[in-house]
Amino acid sequence: MPDPPIVLDIGPFGRPYAVVLWLLLASFVLRVLGQVIVVVRHPRWLPPMKEWYSGLLSYPLLLPIQILFIVVMTLMTLGVASEAGAFGAPRPVLGAWLVWLSYVYAGGMVARFIVWLRRPPERRRAWIPIIFHVVLAAFLWVFGSWHLQGV
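Counting the sequence shown from 1 gives a position; this note's numbering is that position plus 18.
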């Protein structure tokens with residue numbers, strides 16, 4: 019007789035947080051895929067590379083880091099969804115630090131956006147990274163908030 023399918027036990031708090039984390043993760047994955055498509059194919063229907071890439075890291079270094087983020091974010095989301103594993107045990111102290119860090123991170127991106135807006139249009143570059151850094155800050159906030167639930 020075959021083994022029964024594995025079913026994740028979703029606790030009363032895990033599901034809403036996991037759904038939001040999956041949506042934020044999916045948007046980040048689409049951003050990374052979009053950038054890869056722009057590098058490889060240069061389609062006209064996507065913004066040019068200068069809009070996707072701030073140039074702080076070389077793209078051959080940035081892409082593996084983004085893939086690592088996707089792997090870790092997936093593990094984090096699976097932990098919240100199952101309320102098990104290394105990322106699935108609520109830790110209020112960690113949650114408090116992550117929520118605080120998410121505010122600092124998002125605030126930095128607001129400041130970056132203000133600087134971007136103050137530049138002359140011909141000198142503006144890379145608006146997409148600003149948006150997706152806010153997505154990453156939101157991911158940290160949701161993950162941290164999940165760790166704080168029930169406190």
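Even glycine gets a Cβ: it sits at the ideal position worked out from N, Cα and C. Just so we're clear, the structure is a prediction, and the values are computed from it rather than from any experiment.
Counting only runs of 3+ residues, no beta strand (DSSP E) is found wholly inside the stretch 140-169.
Between residue 147 and residue 76, the C-beta spacing is not below 9 Å. With a 10 Å radius around the Cβ and a threshold of 16 neighbouring Cβ atoms, residue 140 comes out exposed. With a cutoff of 9 Å on beta-carbon distance, residue 111 and residue 127 are scored as not near each other. Judged by beta-carbon spacing, residue 123 lies beyond the 9 Å limit of residue 80, meaning their Cβ atoms are not closer than that value.
Of all alpha-carbon atoms in 162, 44, 42, the one lying nearest the alpha-carbon of residue 106 is that of 162. Residue 87 sits in a helix when the DSSP states are folded into three classes. Residue 83 and residue 51 have their C-alpha atoms some 14 Å from each other.
Per DSSP, the continuous alpha helix (DSSP H) segment holding residue 123 begins and ends at 110-136. Between residue 118 and the set 41, 165, 78, the nearest pair of CA atoms involves 165. Between the alpha carbons of residue 133 and residue 64 lies a distance of about 24 Å.
Distance from the CA of residue 95 to the CA of residue 131, rounded to the nearest whole angstrom, comes to 28 Å. Between residue 55 and residue 78, the alpha-carbon positions lie close to 14 Å from each other.
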